[in-house]
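Undergrad: To start, I am sharing the structure in question, which I have written as structure tokens.
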DNA sequence: CTGAAAGCGCTTACAG
DNA sequence: CTGAAAGCGCTTACAG
């Protein structure tokens, strides 16, 4: 048996019964001590006796047994349609931060762009999560999820009736962006949208289009296209559309995400389109690279980490049985002007 | 009771006993059918009877109960020091892809740059994971993890004796990079490293430095600095070091990750350092934005998705009790030359 | 303050 | 092919 084999053999499990035997108490007492529920229920003597045994044996409460007995696990499930979006990495960090070490974060990811189905939900609930965090869900998904326990929605505008939520005020940034472009002298713009029918994309687009028309920046019907959230896909779509747009006098392109904008920047370089002189480009998200792209990208900053942090906080409250002071929170977005439109 | 309240009430759980009662069989039979272990053990009649009851009630095997009985859960834990690194988003996608729907991916994240401790390990194991995927671990961590069940290491060069692993041949790309810079006429370079003592960073640096000295590209001792994996931190460190480097005739900077390189590019723009004319910049990773940065970034391409995919495959084999044909796999890295060094 | 016991939901020898 | 029963490890009324 070589090292590899040995490592794949399981270690013998230390159980509460073993601790109890060593400390000379019952497993009930061990449970009380291990969970810190000793207040007025366990003698000081037994407490220290059990603590010693726990330390000596390296006992850790088995979360499977514990979850079964309690009826709920310590797992928090984060359901998101798109982990590969770097925006989400920061959301995850924020969630972790506020959830703390007592909850385990389980990531449920569907295939790129797909939204999770009722069937997926059932499987998730079979894990008896302590709580659920759902990003950018569809109404249908939330119907399927009914009565699932503590639940907080992230970035789910318009779905406030289903659960407490933390949203981003993307419309505000979108309007700022429209005004910025109009003020810079643009009169004809185009829009590159995400394909997923996510509500936030719709909101971004509609707020932008509305404010644009209000300030004399026109966006023709045929000048709104959509692609998956992928640099290459956006580049290809832009390559396809640009000749038309150019003929029609388009001098500004707004993208639903920075990732789309990177694709446009990339293709523009290939096609020799000068940015921002010939074409202004802007996005949404303010990913960490937008400050360094070529040129640096004007974008609507969305607070990813605070979004995750706040959602985690709210969920924690729910899991602890508290009533939320403010069940619906909206975080601000702000326009960051950089080289791509300057 | 308004909608929100109702949603936070748990749905009544459908158990195997309820299915058994409805189908007129024992829970043992329900278990066999639900797990597809009917082969020669359950009559066709009972199979269809149970299937009908399962469908009618919407029964899903409770994974807590199941895990306790089996002694192992369906959870696979991915331990990684840094989710916020976009490189990892792709690794995760790859893992998900190869693991398939029967395993749940649990993310264990330590605070930025911190490596997980023995104590964290115990908590993880309390979840009775079906398997563990550990990225860029320390030897100490692997010692703590001993005998933890199926385990596959990702990006853990030099630690092959602990477990099956999937590594990246970063040295090859590092050497290509050194030769590319030397061939472009550079004679003095600097290096911006990551601060975490991760083995892959050491490998990148050493392979580069070795090959550099071999081809007449000198890197002075004081010209190797290190920062956390963060655009801002790298920018600040570069700002600090550049005057010195410039005086010493440095004309090329190699960064341990693309993220570091973005910081250098950013600061270079601020400081008016012309790239690549005055200073060539290169990184490692080939993040999706490196093709669009300003200028586009020369970098050593590391296959993130295949890394995750392969590790997931290997782990799946282990969890199914198979012997791996090839316990140690190394994926190639390749230099991608772009504008920042051209 | 303490422990015996029931129960969480499932799986798996075992006897038939 | 089938079901009664033991057991996975824990928590929590309950009786004392």
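Residue numbers (full-length UniProt numbering), protein chains in the order written: chain A, 1 to 342; chain B, 1 to 342.
We put the CB at the ideal spot given by N, CA and C, even for glycine.
1) For residue 262 of chain B, would you say it is in contact with chain A, using Cβ-to-Cβ distances shorter than 8 Å as the test?
2) Starting from the beta carbon of residue 19 of chain A, find every residue of chain B whose beta carbon is closer than 8 Å, and list them in chain order.
3) Express the C-alpha separation of residue 178 of chain A and residue 341 of chain A in angstroms, rounding to a whole number.
4) So, helix, strand or coil for residue 16 of chain A, using DSSP?
5) Out of curiosity, what's the CA-to-CA distance linking residue 255 of chain B and residue 201 of chain B?
6) Pull out every residue of the segment 74-90 of chain B whose Cβ sits closer than 8 Å to any Cβ of chain A, in chain order.
7) Determine whether the beta carbon atoms of residue 219 of chain A and residue 209 of chain A lie at a separation below 8 Å.
8) For residue 287 of chain A, which option in A:272, A:274, A:304 and A:139 has the closest C-alpha, if you only look at C-alpha atoms?
9) For the candidate residues A:132, A:300 and A:275, whose alpha-carbon lies nearest to that of residue 318 of chain A?
10) Check whether the Cβ of residue 288 of chain B lies closer than 8 Å to any Cβ atom in chain A.
11) Quick one: what's got a C-beta closer than 7 Å to residue 187 of chain B's C-beta in the same chain, skipping five residues either side?
12) Secondary structure at residue 119 of chain A, three-state DSSP: helix, strand or coil?
13) Thinking C-beta only, is residue 301 of chain B closer than 8 Å to residue 192 of chain B?
14) For the candidate residues B:104, B:119 and B:118, whose alpha-carbon lies nearest to that of residue 124 of chain A?
15) By DSSP, does residue 90 of chain A sit in helix, in strand, or in coil?
16) Tell me which residue opens and which closes the alpha helix (DSSP H) that residue 169 of chain B is part of.
17) CB-CB under 7 Å to residue 171 of chain B, same chain, minus the five flanking residues each way: which ones, in chain order?
18) Could you list the residues in the UniProt domain "HTH lacI-type" (14-70) of chain A with a C-beta less than 8 Å from some C-beta on chain B, going in chain order?
19) Are the C-beta atoms of residue 291 of chain A and some chain B residue less than 8 Å apart?
20) Can you have a look at residue 270 of chain B and say buried or exposed, based on whether 16 or more other CB atoms are within 10 angstroms of its CB?
21) Go to residue 39 of chain B, then tell me how far its beta strand (DSSP E) extends in each direction, as first and last residue.
22) Excluding sequence positions up to five away, which residues of its chain have a Cβ less than 6 Å from the Cβ of residue 13 of chain A?
23) Along the beta strand (DSSP E) that carries residue 131 of chain B, what are the first and last residues, could you check?
24) Between residue 325 of chain A and residue 160 of chain A, what straight-line distance do the alpha-carbon atoms span, to the nearest angstrom?
25) Which residues of the segment 94-128 of chain A have a Cβ closer than 7 Å to any Cβ of chain B? Give them in chain order.
26) DSSP has residue 206 of chain A in a bridge; who is on the other side?
27) Have a look at A:163, A:27 and A:226 and flag the residue whose alpha-carbon is nearest the alpha-carbon of residue 148 of chain A.
28) Tell me the rounded alpha-carbon separation between residue 320 of chain B and residue 92 of chain A.
29) Indicate whether at least one CB of chain B lies closer than 8 Å to the CB of residue 165 of chain A.
30) According to DSSP, is residue 332 of chain B part of a helix, a strand, or is it coil?
31) Out of curiosity, what's the CA-to-CA distance linking residue 35 of chain A and residue 42 of chain B?
32) Who pairs with residue 348 of chain A in a beta bridge, going by DSSP?
33) Can you tell me where the beta strand (DSSP E) with residue 258 of chain B in it begins and where it stops?
34) I'd like to check one pair, residue 227 of chain A with residue 195 of chain A: are the Cβ atoms closer than 8 Å?
35) From the beta carbon of residue 295 of chain B, is the nearest beta carbon of chain A less than 8 Å away?
36) Quick one: what's got a C-beta closer than 7 Å to residue 25 of chain A's C-beta in the same chain, skipping five residues either side?
TA: Straight from the coordinates:
1) Within the second chain, numbered from 1, the residue matching residue 262 of chain B stands at position 262. With 8 Å as the cut-off, residue 262 of chain B counts as an interface residue toward chain A.
2) Counting from 1 along the first chain, the entry for residue 19 of chain A is found at position 19. Near residue 19 of chain A there are no residues of chain B at all, since even the closest Cβ is about 14 Å away, more than 8 Å.
3) Position 341 of the first chain, counted from the start, is the residue given in the question as residue 341 of chain A. Position 178 of the first chain, counted from the start, is the residue given in the question as residue 178 of chain A. Going from the Cα of residue 341 of chain A to the Cα of residue 178 of chain A covers about 12 Å.
4) For the purposes of this step, residue 16 of chain A is identified with residue 16 of the first chain, where counting begins at 1. The answer is helix: DSSP assigns residue 16 of chain A an H, G or I state.
5) Residue mapping note: residue 255 of chain B aligns to position 255 of the second chain, counting from 1. Residue mapping note: residue 201 of chain B aligns to position 201 of the second chain, counting from 1. A direct Cα-Cα distance of roughly 10 Å separates residue 255 of chain B from residue 201 of chain B.
6) For the segment 74-90 of chain B, which is checked against every Cβ of chain A, the residues closer than 8 Å are 75, 83, 84, 85, 86, 88, 89 and 90.
7) Translated into the one-based positions of the first chain, residue 219 of chain A becomes position 219. Translated into the one-based positions of the first chain, residue 209 of chain A becomes position 209. A Cβ-Cβ contact shorter than 8 Å links residue 219 of chain A with residue 209 of chain A.
8) The count along the first chain starts at 1 and reaches residue 287 of chain A at position 287. Of the candidates A:272, A:274, A:304 and A:139, A:304 places its Cα closest to the Cα of residue 287 of chain A.
9) The residue given as residue 318 of chain A occupies position 318 in the first chain. The shortest C-alpha separation from residue 318 of chain A is found at A:132.
10) Position 288 of the second chain holds residue 288 of chain B. Residue contact with chain A for residue 288 of chain B: present (Cβ-Cβ distance below 8 Å to some residue of chain A).
11) As a first step, residue 187 of chain B is located in the second chain; it is residue number 187 there, counting from the start. Closer than 7 Å at the Cβ level, and outside the excluded window around residue 187 of chain B, lie 216, 217 and 218.
12) Against the first chain, residue 119 of chain A aligns to sequence position 119. Reduced to three states, the DSSP call for residue 119 of chain A is helix.
13) Looking up residue 192 of chain B in the second chain gives position 192. Looking up residue 301 of chain B in the second chain gives position 301. Contact flag unset, no.
14) Numbered from 1 along the first chain, position 124 holds the residue referred to as residue 124 of chain A. Per the Cα distances, B:104.
15) The residue labelled residue 90 of chain A in the question sits at position 90 within the first chain. Residue 90 of chain A: helix per DSSP, three-state reduction.
16) If you number the second chain from 1, residue 169 of chain B lands on position 169. Run containing residue 169 of chain B: none in the alpha helix (DSSP H); it sits in the beta strand (DSSP E), 165-169.
17) Counted from its first residue, the second chain places residue 171 of chain B at position 171. Cβ within range, chain order: 203 and 207.
18) For the UniProt domain "HTH lacI-type" (14-70) of chain A, the beta-carbon criterion of a distance under 8 Å to any beta-carbon of chain B is satisfied by 58, 60, 61, 62, 63, 64, 65, 67 and 68.
19) Residue numbering aside, residue 291 of chain A sits at position 291 when the first chain is read from its first letter. Answer yes: the Cβ-Cβ gap between residue 291 of chain A and chain B drops below 8 Å somewhere.
20) Taking the first residue of the second chain as position 1, residue 270 of chain B is located at position 270. That one is exposed.
21) Indexing the second chain from 1 puts residue 39 of chain B at position 39. If you look at residue 39 of chain B, you'll find it isn't in any beta strand (DSSP E); DSSP assigns it neither H nor E.
22) Walking along the first chain from the start, residue 13 of chain A turns up at place 13. Closer than 6 Å at the Cβ level, and outside the excluded window around residue 13 of chain A, lies no residue.
23) Taking the first residue of the second chain as position 1, residue 131 of chain B is located at position 131. Run containing residue 131 of chain B: 131-135, per the beta strand (DSSP E) assignment.
24) Start at 1 with the first residue of the first chain, and residue 325 of chain A comes out as number 325. Start at 1 with the first residue of the first chain, and residue 160 of chain A comes out as number 160. Residue 325 of chain A and residue 160 of chain A have their alpha carbons spaced roughly 15 Å apart.
25) Listed in sequence order: 96, 104, 105, 106, 107, 109, 122, 123, 126, 127 and 128.
26) Taking the first chain and counting its residues from 1, one reaches residue 206 of chain A at position 206. Looking at the DSSP assignment, residue 206 of chain A forms no beta bridge with any residue, so it has no partner.
27) As a first step, residue 148 of chain A must be located in the first chain, where it is residue number 148. Looking at the Cα atoms, A:163 is the closest of the given residues.
28) Numbered from 1 along the second chain, position 320 holds the residue referred to as residue 320 of chain B. Numbered from 1 along the first chain, position 92 holds the residue referred to as residue 92 of chain A. Across the structure, residue 320 of chain B and residue 92 of chain A are spaced so that their CA atoms are roughly 30 Å apart.
29) Stepping through the first chain from its first residue, residue 165 of chain A is reached at position 165. Residue 165 of chain A does not count as touching chain B.
30) As a working mapping, residue 332 of chain B is identified with position 332 in the second chain. DSSP, read as helix, strand or coil, puts residue 332 of chain B in strand.
31) In the first chain, residue 35 of chain A corresponds to position 35, counting from 1. In the second chain, residue 42 of chain B corresponds to position 42, counting from 1. Residue 35 of chain A and residue 42 of chain B have their C-alpha atoms spaced approximately 43 Å apart.
32) Within the shown structure, residues of chain A are numbered from 1 to 342, placing residue 348 of chain A beyond reach of any answer.
33) In the second chain, the residue the question calls residue 258 of chain B occupies position 258. Here residue 258 of chain B belongs to no beta strand (DSSP E); instead the alpha helix (DSSP H) covers 258-271.
34) By 1-based counting over the first chain, the position of residue 195 of chain A is 195. By 1-based counting over the first chain, the position of residue 227 of chain A is 227. If you check the CB distance, residue 195 of chain A and residue 227 of chain A come in under 8 Å.
35) The residue given as residue 295 of chain B occupies position 295 in the second chain. For residue 295 of chain B, the answer is yes, since a Cβ of chain A falls inside 8 Å of its Cβ.
36) To locate residue 25 of chain A, count along the first chain from 1; it is residue 25. Excluding sequence neighbours, residue 25 of chain A sits near 46, 49 and 50.
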